[in-house]
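Colleague:
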Amino acid sequence: MRRNLRTLLTFAAALAAGTLTLLPATPAYAETNGGVRVMPLGDSITDGFNVPGGYRINLWQRMAAGGHTVDLVGSGFNGPAGLGDHDHEGHSGWRIDQLDANIVNWMRTHAPRTVLLHIGTNDVGQNYDLPNAPARLSALIDKIRLLGPQTEIFVAQVIVRSNPTEEARSQTFNAAIPGIVAQKGARTHLVDMHSALTLADLADGLHPNQTGYDKMAARWYAALQSVPGSLAHVTAPPTGSYVLLSNPLSNRCLDDSGGGTAGPGSQVTVWDCHGGNNQRWTRTAAGELRVYGDRCLDVNGNGTADGTKIQIWPCNGTNAQRFTVNANGTIVGVGSGKCVDVKSSGTANGTIVHLWTCNGTGAQRWLVR
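Per my numbering, the very first residue in the sequence shown carries number -3; after that it's consecutive.
#1: May I ask you to report which of helix, strand or coil DSSP gives Lys334?
#2: Keeping to the same chain, check which residues put their C-beta closer than 7 Å to that of Gly89; ignore five residues upstream and five downstream.
#3: Report the three-state DSSP secondary structure of Leu245 (helix, strand or coil).
#4: At 3 residues or longer, what runs of the beta strand (DSSP E) sit wholly inside the region 264 to 309?
#5: Is DSSP giving Met189 helix, strand or coil here?
#6: Can you list, in chain order, the residues of its chain with a C-beta nearer than 7 Å to that of Thr17? Leave out the 5 residues immediately preceding and following it.
#7: Below 7 Å CB to CB, which residues in the same chain sit around Ser166 once its five sequence neighbours on both sides are set aside?
#8: What is the DSSP secondary structure of Pro23, counted as helix, strand or coil?
#9: Determine the extent of the alpha helix (DSSP H) in which Gly208 is found, giving its start and end residues.
#10: Could you spell out where the alpha helix (DSSP H) holding Gly121 opens and where it closes?
#11: For the beta strand (DSSP E) containing Val328, name the first residue and the last one.
#12: Would you list the one or two residues that DSSP bridges to Gly75?
#13: Assess, as a yes-or-no matter, whether the region 174 to 182 is touched by the region 208 to 215 under the definition of 3 or more beta carbon pairs within less than 8 Å.
#14: Counting only runs of 3+ residues fully inside the region 104 to 182, write out the beta strand (DSSP E) ranges in chain order.
#15: In three-state terms, what does DSSP make of Val100?
#16: If you draw a straight line from the C-alpha of Pro127 to the C-alpha of Gly261, how long is it?
#17: Return the first residue and the last residue of the alpha helix (DSSP H) that Asp83 is part of.
#18: Using a 10 Å radius around the Cβ and a threshold of 16 neighbouring Cβ atoms, would you call Leu195 buried or exposed?
#19: Measure from the alpha carbon of Cys335 to the alpha carbon of each residue in Cys311, Asn324 and Pro224, then state which is nearest.
#20: Leaving out the 5 sequence neighbours to the left and right, which residues in its chain are closer than 7 Å to Arg33 when beta-carbon positions are compared?
#21: Using only alpha-carbon positions, find the residue among Asp197, Thr265, Cys311 and Gly271 that is nearest to Asp337.
#22: Please report the straight-line C-alpha distance between Gly208 and Leu193, rounded to a whole angstrom.
#23: Going by other Cβ atoms of all chains shown within 10 Å of its Cβ, with 16 needed for buried, is Asn54 buried or exposed?
#24: I'd like to know whether the C-beta atoms of Met35 and Leu112 end up nearer to each other than 8 Å.
#25: Hey, could you find the ends of the beta strand (DSSP E) Asp67 is sitting in?
#26: Closer than 7 Å to a non-hydrogen atom of the ligand FMN - does that hold for the CB of Val151?
#27: For Phe73, count neighbouring Cβ atoms within 10 angstroms of its own Cβ and tell me buried if that reaches 16, exposed if not.
#28: Whole angstroms are fine: how far does the CA of Thr42 sit from the CA of Pro23?
#29: Roughly how many whole angstroms lie between the Cα atoms of Ala419 and Phe150?
#30: Report the rounded CA-to-CA distance for Phe169 versus Arg104, giving the unit in angstroms.
#31: Helix, strand or coil for Thr17? Go by DSSP, reduced to three states.
#32: By DSSP, does Leu202 sit in helix, in strand, or in coil?
#33: Give the range of the alpha helix (DSSP H) segment to which Arg52 is assigned.
#34: Sort Leu351, Leu198, Ile137 and Ser341 by Cα distance to Pro244 and report the nearest one.
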């Protein structure tokens, strides 16, 4: 009771002093605008310590001025009315391992097109197993990559700090990041955030002031502009061209076991990606996934039950053979609304492929390449 009274008195004092900024009664969400989902991910600097909303305010304004319709996503919410969307995944005091412990749920919930990652500040400040901090960052990026095969990830080197000992640690940590990013493929990008700010841009020796956050926003926006697809929706694979459909949890490909020689009804499995004809599919304008030209990925029984086997059958244009490829990597049967799924997450070669209720797990997400 005393705690609640203390909180209420603090709130009233702040309100009377004019130091408390209230959000409008109806927050300016952008979730309903169909925008490209961008997840600001990190610690208090992403949250906006000292300046609620932080770099997200100016970044949002830059994206809007550039004609980009963007939906910021995350479980956090803060910032002024001038920030068009207040959602984020910035968690004050958090280290890399703490983000890693939650990233699966966040990725499944929000399925971001783009992730802006600035993390490691608290690993440095807490001197938390720093020799292994780069490995933890690498593992976190790998997890995002697996859960979001089409996601563009921008990995920032942490900003400058005034404490000389901690700044030296930051520079050591930052030096490892380019090599990590270089190993993660074309959709992972390095952002030199450290050189964007000086000590004059810090409010307390650690967190940026308004000028510092604005400089961060400029650096983020420049990075996004360098990758035009990062602010655009993922498009479905082109019709009429060959594609490999690989499961991100196992990096194994959707495979017509038997290479189509077993005839109609041959079972579809996942197998090591080797680019053989039995792993190459063409997507037609009607939404069919064809192998060998005259045979289609087919849902036996039109997918009316969970666990329905996926097979190869002569193409006849029925709903059982038509699929929608979604931006988050899921492949959904048109006739059933259920997802192409790898039983046991495709951890073994020859794992049988089924149709199952869509729940957005990695087993149901496919990298189209």
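In this text, a Cβ means the ideal position worked out from N, Cα and C, and glycines have one as well. Small disclaimer: the values here were computed from a predicted structure and weren't measured.
Modeller: With the given structure in hand:
#1: The DSSP-derived three-state label of Lys334 is coil.
#2: Asp39, Ser40 and Asn118
#3: coil
#4: 264 to 268, 277 to 279, 285 to 287 and 291 to 295
#5: coil
#6: Low per-residue confidence applies at Thr17: pLDDT is 30, beneath 50, and the placement is therefore not dependable enough to give any value.
#7: Val120, Val154 and Arg157
#8: Bear in mind that a pLDDT of 35 at Pro23, under 50, signals an unreliable position, so the model cannot answer this.
#9: Gln206 to Gln221
#10: First-last of the alpha helix (DSSP H) with Gly121: Thr117 to Gly121.
#11: Boundaries of the beta strand (DSSP E) harbouring Val328: Ile327 to Gly329, taken from the DSSP string.
#12: DSSP, once it has assigned bridges, lists no residue as partnering Gly75.
#13: no
#14: 110 to 114 and 148 to 152
#15: helix
#16: 53 Å
#17: Element bounds for Asp83: not the alpha helix (DSSP H) but the beta strand (DSSP E), Asp83 to Gly86.
#18: exposed
#19: Asn324
#20: So the qualifying residues of the chain are Asp67, Val69, His106, Ala107, Pro108 and Arg109.
#21: Looking at the Cα atoms, Thr265 is the closest of the given residues.
#22: Annotation: Gly208 to Leu193 spans about 6 Å, alpha carbon to alpha carbon.
#23: buried
#24: yes
#25: Val66 to Leu68
#26: Among the components modelled here there is no ligand, and therefore nothing to report on the ligand FMN.
#27: exposed
#28: Low confidence applies here, because Pro23 scores a pLDDT of 35, under 50, leaving its location unreliable; read the following figure in that light. Looking at the two C-alpha atoms, the distance is approximately 19 Å.
#29: The displayed coordinates of the chain run from -3 to 365. Any statement about residue 419 would go beyond what the structure contains.
#30: 29 Å
#31: Caution applies to Thr17, whose pLDDT of 30 falls short of 50 and renders its modelled position unreliable; the value that the coordinates give is listed next. If DSSP states are grouped into helix, strand and coil, Thr17 belongs with coil.
#32: coil
#33: Tyr51 to Ala61
#34: Ser341
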